[in-house]
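S.K.: Could you have a look at this structure, given as structure tokens, before my questions?
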Amino acid sequence: MNILYYSSHCPHSNKIITKLSKSMIKDEFNYISLDNRILKNDSIFVKLRNGDEFEVEKTVDKVPALSLQSYGNRVLFGNEIIEFISMKEKETNTNDLEPSPFSFFGGSDNIVSDFYSYLDTPIQEFSSSDGNAGMSQTYSYATIDYNTYMNTPPDTYTPDKIGTDENMLEKLVESRNKEIPLPKPRT
Numbered sequence: 525m526n527i528l529y530y531s532s533h534c535p536h537s538n539k540i541i542t543k544l545s546k547s548m549i550k551d552e553f554n555y556i557s558l559d560n561r562i563l564k565n566d567s568i569f570v571k572l573r574n575g576d577e578f579e580v581e582k583t584v585d586k587v588p589a590l591s592l593q594s595y596g597n598r599v600l601f602g603n604e605i606i607e608f609i610s611m612k613e614k615e616t617n618t619n620d621l622e623p624s625p626f627s628f629f630g631g632s633d634n635i636v637s638d639f640y641s642y643l644d645t646p647i648q649e650f651s652s653s654d655g656n657a658g659m660s661q662t663y664s665y666a667t668i669d670y671n672t673y674m675n676t677p678p679d680t681y682t683p684d685k686i687g688t689d690e691n692m693l694e695k696l697v698e699s700r701n702k703e704i705p706l707p708k709p710r711t
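The number in this note's numbering is simply the position in the sequence shown, starting from 1, with 524 added.
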């Protein structure tokens, strides 16, 4: 689950907490206040309400901070958090009311586009000089300012390969030589 680090003394944190409290995605986050910090062995711990201590990630150096566990432990700060929340809200509120113009048997070239235009789109929208050149019709195309988040599993991988010990090959050869004696050379 994603972790939102905040401080009750920070107005930016309060703005994000207020936005999330009115949102449908508020249950997708764990909220950790950094007001009760403890420094132990060069690590910062937070004393939780139940008395437990929670270690704060090293990458969190300011609040508000959002640690995205499902996106490779990426940490967002400030306005990036608001953009992420807006993106997640948009994903949950998306209703596919328009038909999708996808077909396996379509044009003879590799161009994928809409087979229609929207009736409520003014003609100026299709102009590259005045409007957005029909960008409202893009579906899975990435625009130049598109910020992507890739959902990844938590980074808990530990290598289980043979090559983790540098002297493993020498140890293996030595143990084989002890178990099976080498033939005596002819004289």
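Glycine included, each C-beta is placed from N, C-alpha and C at the ideal position. As the structure is a computational prediction, the values presented were derived from the model and not from experiment.
(1) Using CA atoms only, rank isn't needed, just tell me which of Ile562, Lys702, Ser547 is closest to Lys612.
(2) For Ser567, name the three-state secondary structure that DSSP assigns.
(3) Could you work out which residue in Phe608, Tyr529, Glu694, Lys695 is closest to Met674 when comparing CA atoms only?
(4) Ordered along the chain, which non-local residues of its own chain (more than five positions away) have a Cβ less than 6 Å from that of Leu544?
(5) Assuming Asn526 is part of the beta strand (DSSP E), what are its boundary residues?
(6) Secondary structure at Thr676, three-state DSSP: helix, strand or coil?
(7) Quick check: the Cα distance between His536 and Thr680, rounded to an integer number of angstroms?
(8) Measuring only the C-alpha atoms, how far is Asn538 from Glu690?
(9) Taking just the CA atoms, how far does Tyr530 sit from Lys582?
(10) Just verifying my parser: in three-state terms, what is the DSSP assignment at Gly631?
(11) By DSSP, does Leu572 sit in helix, in strand, or in coil?
(12) CB of Arg710 to nearest heavy atom of the ligand MG: below 6 Å?
(13) Pick helix, strand or coil for Glu690, following the three-state DSSP scheme.
(14) Could you give the first and the last residue of the continuous alpha helix (DSSP H) run that contains Ile647?
(15) Take Leu558 as the anchor and find which of Lys564, Arg700, Ala589 has the nearest alpha-carbon.
M.R.: Well, looking at it:
(1) The shortest Cα separation from Lys612 among Ile562, Lys702, Ser547 belongs to Ser547.
(2) Strand at Ser567.
(3) Selection Phe608, Tyr529, Glu694, Lys695 evaluated against Met674 yields Phe608 as nearest (Cα-Cα).
(4) For Leu544, where only same-chain residues beyond five positions count, the Cβ hits under 6 Å are Lys550.
(5) Counted as a single uninterrupted DSSP element, the beta strand (DSSP E) harbouring Asn526 occupies residues 526-530.
(6) Looking at Thr676 - three-state DSSP - the assignment turns out to be strand.
(7) Those two C-alpha atoms are separated by around 32 Å.
(8) Going from the Cα of Asn538 to the Cα of Glu690 covers about 52 Å.
(9) Each residue's alpha carbon lies about 15 Å from the other.
(10) Model confidence at Gly631 stands at a pLDDT of 47, short of 50, so the residue's coordinates are unreliable and nothing is read from them.
(11) If DSSP states are grouped into helix, strand and coil, Leu572 belongs with coil.
(12) The ligand MG is not part of the structure shown, which contains no ligands of any sort.
(13) Secondary structure of Glu690 (DSSP, three-state): coil.
(14) Careful: Ile647 lies outside any alpha helix (DSSP H) and carries neither H nor E.
(15) Out of Lys564, Arg700, Ala589, Ala589 has the C-alpha closest to the C-alpha of Leu558.
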